[in-house]
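The structure appears below as structure tokens.
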Amino acid sequence: MNLRVVFDIGHGSNTWPPSKGVRLPDGTEFAEHSFNSAVAMKAKELAEKQGFEVLFMQQPYSPEVKLGTRCDWVNNEHKKKPIDCLVSFHANASGDSKASGWGVFHWHNSVKGKRLAELWVKYAKELLPIKPWGTGIWQCVPDTWSNFDIVRKPVIPCVLIEHFFFTNFDELKKCNTPEFIALAAEVTVRALCEYAGVTFRPADPVEEYKRIIQEHCKFDNPQGVWDVIEKYHPYPVGWLQKWADSYRK
Numbered sequence: 000m001n002l003r004v005v006f007d008i009g010h011g012s013n014t015w016p017p018s019k020g021v022r023l024p025d026g027t028e029f030a031e032h033s034f035n036s037a038v039a040m041k042a043k044e045l046a047e048k049q050g051f052e053v054l055f056m057q058q059p060y061s062p063e064v065k066l067g068t069r070c071d072w073v074n075n076e077h078k079k080k081p082i083d084c085l086v087s088f089h090a091n092a093s094g095d096s097k098a099s100g101w102g103v104f105h106w107h108n109s110v111k112g113k114r115l116a117e118l119w120v121k122y123a124k125e126l127l128p129i130k131p132w133g134t135g136i137w138q139c140v141p142d143t144w145s146n147f148d149i150v151r152k153p154v155i156p157c158v159l160i161e162h163f164f165f166t167n168f169d170e171l172k173k174c175n176t177p178e179f180i181a182l183a184a185e186v187t188v189r190a191l192c193e194y195a196g197v198t199f200r201p202a203d204p205v206e207e208y209k210r211i212i213q214e215h216c217k218f219d220n221p222q223g224v225w226d227v228i229e230k231y232h233p234y235p236v237g238w239l240q241k242w243a244d245s246y247r248k
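Counting from 0, one number per residue, gives the positions in the sequence shown under numbering that gives the first Met the number 0.
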């Protein structure tokens with residue numbers, strides 16, 4: 000395979016409000032595109048470390064590019080240089096506030112799309128802290144509610160991931176976190192690696208500890224903090240792990 004993939008960040012920064020998001024009882028807001036952007040960016044970073052070339056159909060935290068334009072772009076890009084597959088990142092919504100779980104869609108008769116979806120489910124079951132929505136695997140079928148353009152129109156294998164239901168506020172609280180975002184990214188990249196026949200190389204745990212700490216502490220000079228710890232603490236890795244773990248509780 001070419002190790003060339005496309006990531007589609009669902010919706011846009013201008014789609015919430017009025018839709019593609021939710022306002023919680025305490026007044027805080029969740030914008031689906033922001034979550035989709037965070038997962039896609041984390042997945043891109045991890046995928047590139049595995050040797051993938053990752054293309055974005057539209058940029059993170061940016062206004063939506065029309066769906067037809069995005070589909071035309073990926074097909075034209077595929078003509079220039081073959082692309083292995085497309086992954087579209089989303090979070091789900093329902094009129095039923097109890098609806099919950101993750102799911103992944105593939106085109107109903109795409110053998111390769113189904114294979115990628117099955118691999119995504121394999122790792123979602125291992126890594127994600129919530130259960131699947133239904134069986135976890137859903138088909139996109141013509142003339143039905145699941146006839147999604149982003150799965151149907153590109154000429155390459157495509158999957159669309161619904162990571163959780165943001166209309167379920169308990170699930171939203173559990174899943175809209177840096178920890179879940181990192182796990183969601185890892186699920187996608189592990190699936191891509193097995194799909195492409197590539198051995199997955201985990202992220203450096205020390206760098207992950209630093210990322211979690213910086214996410215919470217927001218140091219002006221984080222490298223200076225790491226340098227002091229590594230110079231003066233007798234067990235710097237253990238200390239960083241303990242510090243990072245304190246935010247996971």
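Every residue, glycine too, gets a C-beta built ideally from N, C-alpha and C.
Alpha carbon to alpha carbon, what distance is there between residue j and residue i?
i, j, result
"P59", "G133", "29 angstroms"
"W225", "L182", "24 angstroms"
"E229", "D219", "18 angstroms"
"I212", "N108", "45 angstroms"
"S87", "S96", "24 angstroms"
"F164", "G135", "13 angstroms"
"L66", "A243", "39 angstroms"
"V205", "Q240", "8 angstroms"
"V186", "L2", "17 angstroms"
"P201", "L118", "17 angstroms"
"K209", "H10", "30 angstroms"
"F51", "H162", "22 angstroms"
Going by beta-carbon coordinates alone, are residue i and residue j separated by less than 8 angstroms?
i, j, result
"N35", "S99", "no"
"V188", "F179", "no"
"K172", "I129", "no"
"D7", "L115", "no"
"S12", "P62", "yes"
"A184", "V38", "yes"
"M56", "V4", "no"
Determine, using beta carbons only, whether residue i comes closer than 8 angstroms to chain B.
i, result
"L171", "In the displayed structure, chain B is absent; only one protein chain is listed."
Going by other Cβ atoms of all chains shown within 10 Å of its Cβ, with 16 needed for buried, is residue i buried or exposed?
i, result
"N91", "buried"
"L127", "buried"
"W106", "buried"
"H232", "exposed"
"L23", "exposed"
"W101", "buried"
"C216", "exposed"
"K78", "exposed"
"V154", "exposed"
Please go through the same chain and pick out, in chain order, the residues whose beta-carbon is closer than 7 angstroms to the beta-carbon of residue i, but skip the five residues on each side of it.
i, result
"C139", "F104, H105, W106, H107, S145, N146, F147, V150 and R151"
Excluding the 5 residues preceding and the 5 following residue i in the sequence, name in chain order all residues of the same chain whose CB lies nearer than 6 angstroms to its CB.
i, result
"P177", "E214"
"A123", "W101 and V186"
Which residues in the same chain have their Cβ closer than 8 angstroms to the Cβ of residue i, if we skip the five residues on either side of it in sequence?
i, result
"C192", "Q49, T198 and F199"
#### Entry: Complete runs of the alpha helix (DSSP H) confined to the region 6-56 [at least 4 residues]
31-48
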